[in-house]
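First up is the structure itself, then whatever we jot down about it.
2 protein chains.
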Amino acid sequence: MLVHTIKEVREQVKAWKKEGLTVGYVPTMGYLHEGHRSLIEKAVSENDRVVVSVFVNPTQFGPNEDYEDYPRDIQKDYALCTDAGANLVFNPEPEEMYFPDKCTTVNVEGLSKGLCGAKRPVHFGGVCLVVSKFLNIVTPDRAYFGEKDAQQLAIIKRMVRDLSMDVEIVGCPIVREADGLAKSSRNTYLSAEERVAALVLNRSLTKAKAAMEDGLRCVSEIRDLIESEIKEEPLAKADYIEIVDSETLQPVESVERDVLVAIAVYIGKTRLIDNFTFRLA
Amino acid sequence: MLVHTIKEVREQVKAWKKEGLTVGYVPTMGYLHEGHRSLIEKAVSENDRVVVSVFVNPTQFGPNEDYEDYPRDIQKDYALCTDAGANLVFNPEPEEMYFPDKCTTVNVEGLSKGLCGAKRPVHFGGVCLVVSKFLNIVTPDRAYFGEKDAQQLAIIKRMVRDLSMDVEIVGCPIVREADGLAKSSRNTYLSAEERVAALVLNRSLTKAKAAMEDGLRCVSEIRDLIESEIKEEPLAKADYIEIVDSETLQPVESVERDVLVAIAVYIGKTRLIDNFTFRLA
Numbered sequence: 037m038l039v040h041t042i043k044e045v046r047e048q049v050k051a052w053k054k055e056g057l058t059v060g061y062v063p064t065m066g067y068l069h070e071g072h073r074s075l076i077e078k079a080v081s082e083n084d085r086v087v088v089s090v091f092v093n094p095t096q097f098g099p100n101e102d103y104e105d106y107p108r109d110i111q112k113d114y115a116l117c118t119d120a121g122a123n124l125v126f127n128p129e130p131e132e133m134y135f136p137d138k139c140t141t142v143n144v145e146g147l148s149k150g151l152c153g154a155k156r157p158v159h160f161g162g163v164c165l166v167v168s169k170f171l172n173i174v175t176p177d178r179a180y181f182g183e184k185d186a187q188q189l190a191i192i193k194r195m196v197r198d199l200s201m202d203v204e205i206v207g208c209p210i211v212r213e214a215d216g217l218a219k220s221s222r223n224t225y226l227s228a229e230e231r232v233a234a235l236v237l238n239r240s241l242t243k244a245k246a247a248m249e250d251g252l253r254c255v256s257e258i259r260d261l262i263e264s265e266i267k268e269e270p271l272a273k274a275d276y277i278e279i280v281d282s283e284t285l286q287p288v289e290s291v292e293r294d295v296l297v298a299i300a301v302y303i304g305k306t307r308l309i310d311n312f313t314f315r316l317a
Numbered sequence: 037m038l039v040h041t042i043k044e045v046r047e048q049v050k051a052w053k054k055e056g057l058t059v060g061y062v063p064t065m066g067y068l069h070e071g072h073r074s075l076i077e078k079a080v081s082e083n084d085r086v087v088v089s090v091f092v093n094p095t096q097f098g099p100n101e102d103y104e105d106y107p108r109d110i111q112k113d114y115a116l117c118t119d120a121g122a123n124l125v126f127n128p129e130p131e132e133m134y135f136p137d138k139c140t141t142v143n144v145e146g147l148s149k150g151l152c153g154a155k156r157p158v159h160f161g162g163v164c165l166v167v168s169k170f171l172n173i174v175t176p177d178r179a180y181f182g183e184k185d186a187q188q189l190a191i192i193k194r195m196v197r198d199l200s201m202d203v204e205i206v207g208c209p210i211v212r213e214a215d216g217l218a219k220s221s222r223n224t225y226l227s228a229e230e231r232v233a234a235l236v237l238n239r240s241l242t243k244a245k246a247a248m249e250d251g252l253r254c255v256s257e258i259r260d261l262i263e264s265e266i267k268e269e270p271l272a273k274a275d276y277i278e279i280v281d282s283e284t285l286q287p288v289e290s291v292e293r294d295v296l297v298a299i300a301v302y303i304g305k306t307r308l309i310d311n312f313t314f315r316l317a
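Line by line, the protein sequences are chains A and B.
Each residue of the first sequence is one higher than the one before, counting from 37 in the working numbering.
Each residue of the second sequence is one higher than the one before, counting from 37 in the working numbering.
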């Protein structure tokens, strides 16, 4: 079922809950790929009913970002959702989600400043606002987020904890193309040449991971290793290379607890992200 | 029933909802008076079950405010709640409500700057945070707030709307002592002499209201009228006298729509507030 209003979602979810059914929820910006499908399939396997939202959220884009250009294809998205087993797809217009005089802000301070937040100052405030709203509208038992957006996942977990929201946040592994590129709706922006160059993200992370598994613990050396790999790719320009505590997202100097190794790299004009979490046994 | 943990509240409310019962909720800081009782009684009359929270919320007090001194008496409060028909009283410790590393903020910008927000910069952020949490814990059908805290009521209504929280916010009229003083837990701070002086709040507002009913529309004249009345009381010192749009809380120059006439006055060291909403027919 494809619906466009908050009212329709609420009515359907209330009817399910009245029957005692559990509800899983997958928030997306649409233009769905295998990464999203893996989230939906996990939600389907763990809940009686699954809601997917498809909404390119204006409040999480900065003024010079790609809100207008972000790819959209609701018919294809709806087909993928249905095929993956979702029961309800919620595709609201911005006007359905936001009042013109909205003035409420939700922020997870401390986790939102570094990494992607450094160059995208309004981004995570917009994410927190829209995810709060969707969680309040869908009232799921579980909500599924990709680990590719590692900072987003950490922030949402913290927000849900701090606001006592009654939902379990489930992180799901990154899904990659056969050659290792992390799936992203923004991969569609890449030319054929850039598509090849984009492999440098996963290649540099794989190199760092191997070195860490071999015992490398010095963060500046890990960073240098990633940086030099990226520099060898002429079409690539690193935005950030960060090794941080996997929960607090605070920088560390050496790897003495679980860390998130996260990078953002421009391939031509397209900014891509990738990461892995390194767990001390 | 008196409970102290989030878990107990959630379990009880879920059991009620499973039976199809509606839930009303009254948030308080305790030291309950007839004003609170009127909220609880209204909640009881409109819902199958009623939850009252009693929690002196540290995050809504500024560093030099009266958090430590704020009066507390949970046994008396519990008796009043039960007598008024409440089914569950939730009295958490601060540690139950807040993690030491909490870093999520909720703000209703635009409505929080003026009036009480001008001198209490962290106050409404703290209110929004704690009310968000309580609404997420109690998940009531309706929540009841006193009109005495008019700015708080406007902010909570806006927050609930902007975050798509599925709850009806119900405002309830100010309850007054026989001589007109608005009921407040802080009235207990007043000496006998100050108690008499405190009548100037209601007296000055009543005068303004009468003049407005007689046709006075110029805001600066209304303000002068209130100010001169307060100045005649030697123990009183006005903190603010504001005439604002009743919804947006933005200042107006003349009364051409519904306005909130709100004052804060120091009586000795005790800061009291009062207000009325003037509706154009």
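No residue lacks a Cβ here, since even glycine has one placed at the ideal position from N, Cα and C.
Only a predicted model underlies this, so the values are computations on that prediction, with no experimental measurement involved.
Residues of the stretch 240-265 of chain A with a CB closer than 7 Å to any CB of chain B: list them in chain order, please.
-> none
Reference residue 185 (chain B), options B:124, B:210 and B:154, closest by Cα | Position 149 of the second sequence, counting from 1, holds the residue named residue 185 (chain B). Nearest C-alpha to residue 185 (chain B): B:210.
Nearest candidate by alpha-carbon position, reference residue 198 (chain B), set A:90, A:166, A:158 and A:148 = Position 162 of the second sequence, counting from 1, holds the residue named residue 198 (chain B). That would be A:166, whose Cα lies nearest to the Cα of residue 198 (chain B).
Taking all protein chains shown into account, decide if residue 286 (chain B) is buried (16 or more other Cβ within 10 angstroms of its Cβ) or exposed.
-> Looking up residue 286 (chain B) in the second sequence gives position 250. Burial call: exposed.
Specify whether the stretch 231-245 of chain B and the stretch 300-312 of chain B touch according to this definition: at least 3 beta carbon pairs, one from each stretch, less than 8 Å apart.
-> yes
Coil, strand or helix - residue 63 (chain B) by DSSP | Here residue 63 (chain B) refers to the residue found at position 27 of the second sequence. Looking at residue 63 (chain B) - three-state DSSP - the assignment turns out to be strand.
Helix, strand or coil for residue 204 (chain B) per DSSP?
-> Looking up residue 204 (chain B) in the second sequence gives position 168. Note: residue 204 (chain B) maps to strand in three-state DSSP.
List the DSSP bridge partners of residue 311 (chain B).
-> If you number the second sequence from 1, residue 311 (chain B) lands on position 275. Looking at the DSSP assignment, residue 311 (chain B) forms a beta bridge with B:298.
With distances taken from CA atoms, which of B:47, B:62 and B:61 is nearest residue 55 (chain B)?
-> Reading the second sequence from its first residue, position 19 is the one you call residue 55 (chain B). The option with the nearest alpha carbon to residue 55 (chain B) is B:47.
Could you check what DSSP says for residue 283 (chain A) in three-state terms: helix, strand or coil?
-> Numbered from its first residue, the first sequence carries residue 283 (chain A) at position 247. Residue 283 (chain A) falls in the coil class under three-state DSSP.
The beta strand (DSSP E) with residue 85 (chain B) in it runs from where to where?
-> The count along the second sequence starts at 1 and reaches residue 85 (chain B) at position 49. Where residue 85 (chain B) is concerned, the enclosing beta strand (DSSP E) stretches over 85-90.
Would residue 128 (chain A) be called buried (16 or more neighbouring beta carbons within 10 Å of its own) or exposed?
-> Locating residue 128 (chain A) in the first sequence gives position 92, counting from the first residue. Buried, since its Cβ has 16 or more Cβ neighbours within 10 Å.
Interface residues of the stretch 175-205 of chain A facing chain B [CB-CB below 8 Å] | 175, 194, 195, 197, 198, 199, 200, 201 and 202
Beta-carbon proximity list for residue 262 (chain B), same chain, < 6 Å, skipping 5 on both sides | Here residue 262 (chain B) refers to the residue found at position 226 of the second sequence. Only 240, 244 and 277 meet the Cβ criterion.
With DSSP as the reference, please indicate the residues paired to residue 49 (chain B) in a beta bridge.
-> Taking the first residue of the second sequence as position 1, residue 49 (chain B) is located at position 13. Looking at the DSSP assignment, residue 49 (chain B) forms no beta bridge with any residue, so it has no partner.
Determine, using beta carbons only, whether residue 95 (chain A) comes closer than 8 Å to chain B.
-> The residue labelled residue 95 (chain A) in the question sits at position 59 within the first sequence. It does not: the Cβ of residue 95 (chain A) has no partner Cβ on chain B nearer than 8 Å.
Mind checking whether residue 122 (chain A) and residue 86 (chain A) have CB atoms under 8 Å apart?
-> On the first sequence, position 86 is the one that residue 122 (chain A) refers to. On the first sequence, position 50 is the one that residue 86 (chain A) refers to. It is a contact, given that the beta carbons lie within the stated cut-off.
Pull up the CB-CB distance for residue 288 (chain B) and residue 280 (chain B), whole angstroms please, since I reckon it's below 8 Å.
-> Start at 1 with the first residue of the second sequence, and residue 288 (chain B) comes out as number 252. Start at 1 with the first residue of the second sequence, and residue 280 (chain B) comes out as number 244. Right, their Cβ atoms sit about 6 Å apart.
Is any beta-carbon of chain A found at less than 8 Å from that of residue 145 (chain B)?
-> The sequence position of residue 145 (chain B) within the second sequence is 109, counting from 1. It does: the Cβ of residue 145 (chain B) has a partner Cβ on chain A nearer than 8 Å.
Specify, as a first and last residue, the run of the alpha helix (DSSP H) that residue 134 (chain B) falls within.
-> The residue given as residue 134 (chain B) occupies position 98 in the second sequence. Careful: residue 134 (chain B) lies outside any alpha helix (DSSP H) and carries neither H nor E.
Report yes or no: is there a C-beta of chain B within less than 8 Å of the C-beta of residue 223 (chain A)?
-> Here residue 223 (chain A) is taken as the residue at index 187 of the first sequence, counted from 1. No, no contact with chain B.
Contacts of residue 83 (chain A) in chain B (Cβ-Cβ under 9 Å) | Counted from its first residue, the first sequence places residue 83 (chain A) at position 47. Result: empty, since nearest Cβ-Cβ is about 17 Å, beyond 9 Å.
Cβ-Cβ separation, residue 177 (chain A) to residue 60 (chain A) (assumed contact under 8 Å), whole Å | Against the first sequence, residue 60 (chain A) aligns to sequence position 24. Against the first sequence, residue 177 (chain A) aligns to sequence position 141. Rounded, the Cβ-Cβ distance is 7 Å, consistent with contact.
Residue(s) in a DSSP beta bridge with residue 278 (chain B) = Working through the second sequence from its first residue, we reach residue 278 (chain B) at position 242. B:298, per the DSSP bridge assignment.
Reducing DSSP to helix, strand and coil, say where residue 190 (chain B) ends up.
-> As a first step, residue 190 (chain B) must be located in the second sequence, where it is residue number 154. Helix at residue 190 (chain B).
Alpha helix (DSSP H) segment containing residue 144 (chain A), residue limits | To locate residue 144 (chain A), count along the first sequence from 1; it is residue 108. It is not in any alpha helix (DSSP H) - residue 144 (chain A) instead sits in the beta strand (DSSP E) that spans 140-144.
Just the Cα atoms here: how many angstroms apart are residue 103 (chain B) and residue 118 (chain A)?
-> The residue you call residue 103 (chain B) lines up with position 67 of the second sequence. The residue you call residue 118 (chain A) lines up with position 82 of the first sequence. Cα-Cα distance, rounded: 53 Å.
Test item: CB-CB of residue 221 (chain A) and residue 69 (chain A) under 8 Å | Along the first sequence, read from residue 1 onward, the residue named residue 221 (chain A) stands at position 185. Along the first sequence, read from residue 1 onward, the residue named residue 69 (chain A) stands at position 33. Yes, the Cβ-Cβ distance between residue 221 (chain A) and residue 69 (chain A) is below 8 Å.
Chain A contact residues for residue 149 (chain B), given Cβ-Cβ distances below 9 Å = Your numbering for residue 149 (chain B) matches position 113 in the second sequence. Per Cβ cutoff of 9 Å: no residues; residue 149 (chain B) is ~10 Å from chain A at best.
Is the distance from the Cβ of residue 75 (chain B) to the Cβ of residue 208 (chain B) below 8 Å?
-> On the second sequence, residue 75 (chain B) is found 39 positions in, with the first residue counted as 1. On the second sequence, residue 208 (chain B) is found 172 positions in, with the first residue counted as 1. Yes, they are a contact pair.
Return yes when the Cβ of residue 189 (chain A) is within less than 8 Å of the Cβ of residue 179 (chain A), no when it is not.
-> Counting from 1 along the first sequence, the entry for residue 179 (chain A) is found at position 143. Counting from 1 along the first sequence, the entry for residue 189 (chain A) is found at position 153. No. Outside cutoff.
Listing by chain order, which chain B residues have their CB less than 8 Å from the CB of residue 172 (chain A)?
-> Within the first sequence, residue 172 (chain A) is the residue found at index 136, counting from 1. 199, 200, 201 and 202, listed in chain order.
Whole-angstrom Cβ separation of residue 113 (chain A) and residue 67 (chain A), contact assumed at under 8 Å?
-> Stepping through the first sequence from its first residue, residue 113 (chain A) is reached at position 77. Stepping through the first sequence from its first residue, residue 67 (chain A) is reached at position 31. Right, the Cβ-Cβ distance comes to about 7 Å (below 8 Å), so this counts as a contact.
Rounded distance between the beta-carbons of residue 173 (chain A) and residue 42 (chain A), thought under 8 Å | Stepping through the first sequence from its first residue, residue 42 (chain A) is reached at position 6. Stepping through the first sequence from its first residue, residue 173 (chain A) is reached at position 137. About 5 Å; that satisfies the 8 Å criterion.
So what does DSSP say about residue 103 (chain A), is it helix, strand or coil?
-> For the purposes of this step, residue 103 (chain A) is taken as the residue at position 67 of the first sequence. Note: residue 103 (chain A) maps to coil in three-state DSSP.
Give a yes or no on whether 8 Å exceeds the smallest Cβ distance from residue 46 (chain B) to chain A.
-> The count along the second sequence starts at 1 and reaches residue 46 (chain B) at position 10. With 8 Å as the cut-off, residue 46 (chain B) counts as an interface residue toward chain A.
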